[in-house]
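For the sequence shown, counting from 1, position 121 maps to 121 in UniProt numbering; every step adds exactly one.
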Amino acid sequence: SPSFSIHSSEANLRKSRALRKPFCSIRNRVYCVQSSSVSVDESKNITMGDSFIRPHLRQLAAYQPILPFEVLSAQLGRKPEDIVKLDANENPFGPPPEATLGNMKFPYVYPDPQSRRLRDALALDSGLESEYILVGCGADELIDLIMRCVLDPGEKIIDCPPTFSMYVFDAAVNGAGVIKVPRNPDFSLNVDRIAEVVE
Numbered sequence: 001s002p003s004f005s006i007h008s009s010e011a012n013l014r015k016s017r018a019l020r021k022p023f024c025s026i027r028n029r030v031y032c033v034q035s036s037s038v039s040v041d042e043s044k045n046i047t048m049g050d051s052f053i054r055p056h057l058r059q060l061a062a063y064q065p066i067l068p069f070e071v072l073s074a075q076l077g078r079k080p081e082d083i084v085k086l087d088a089n090e091n092p093f094g095p096p097p098e099a100t101l102g103n104m105k106f107p108y109v110y111p112d113p114q115s116r117r118l119r120d121a122l123a124l125d126s127g128l129e130s131e132y133i134l135v136g137c138g139a140d141e142l143i144d145l146i147m148r149c150v151l152d153p154g155e156k157i158i159d160c161p162p163t164f165s166m167y168v169f170d171a172a173v174n175g176a177g178v179i180k181v182p183r184n185p186d187f188s189l190n191v192d193r194i195a196e197v198v199e
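Structure follows, in structure tokens:
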């Protein structure tokens, strides 16, 4: 039956006699060349990379992260230092000197995974006990973590737009559905409608 070859090498190696050898040298660089012959019928059974991904994740639209300064600068035609971004809760003035890496006691090791000092400070400020405070890498991580802990695939959450878009995104990632209950004209929650949906 007809067959084709798959070569794990650079394009110029395909034209080289070196394909007959496991190793070859081109321009003083050594390459390992691998090849195999696969029939057309057998190629239909080759597992593609995305087949390992859970089906519901393959159906999701790609997440669009915020644009880095270099891209935003080019689009706006302005220097990065002339741009102040307020859409992602970023501090345009940067961190205070006492919070920089140069003032860390042990910058070469992993930080405390339980964030004890931060939780103690937040507990003192809020009046809560530190064991009731969970610290994460932004709201994105915490929302996702909570959904992983409490949601089963097929369950639903209530989302009250306009609000943070990650509620809907993380629900989809975790296989949950979303019921939207828009906010009132003054942006307060429509509590009566939420109660109806829950019942």
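In this text, a Cβ means the ideal position worked out from N, Cα and C, and glycines have one as well. Since we're looking at a predicted model, the values are computed, not measured.
Counting the other CB atoms within 10 Å of its CB gives residue 160 a total of 16 or more, which places it among the buried residues.
Spanning the alpha carbons of residue 147 and residue 173 requires a straight line of approximately 10 Å. Residue pairing by DSSP puts residue 156 in a beta bridge opposite 177. Nearest in C-alpha terms to residue 140, of all of 120, 129, 168 and 114, is 168.
Comparing alpha carbon positions, the residue from 75, 199, 166 and 186 closest to residue 64 is 166.
The beta carbon of residue 119 is closer than 7 Å to those of 130, 133 and 135 in its chain, skipping five residues each way along the sequence. Nearest to residue 183 by C-alpha distance, out of 191, 91 and 123, is 191. The beta carbon of residue 75 sits closer than 7 Å to no other beta carbon from its chain once the five residues preceding and following it are set aside. In the DSSP assignment, residue 109 falls outside any alpha helix (DSSP H), carrying neither H nor E. The shortest C-alpha to C-alpha distance from residue 153 to any of 177, 111 and 186 is the one to 177. Shown here for residue 106: not one same chain residue has a beta carbon closer than 7 Å to its own, the five before and five after excluded. With respect to residue 198, residue 189 sits apart: the two C-beta atoms are not nearer than 9 Å. Taking C-alpha positions only, residue 86 is separated from residue 70 by approximately 16 Å.
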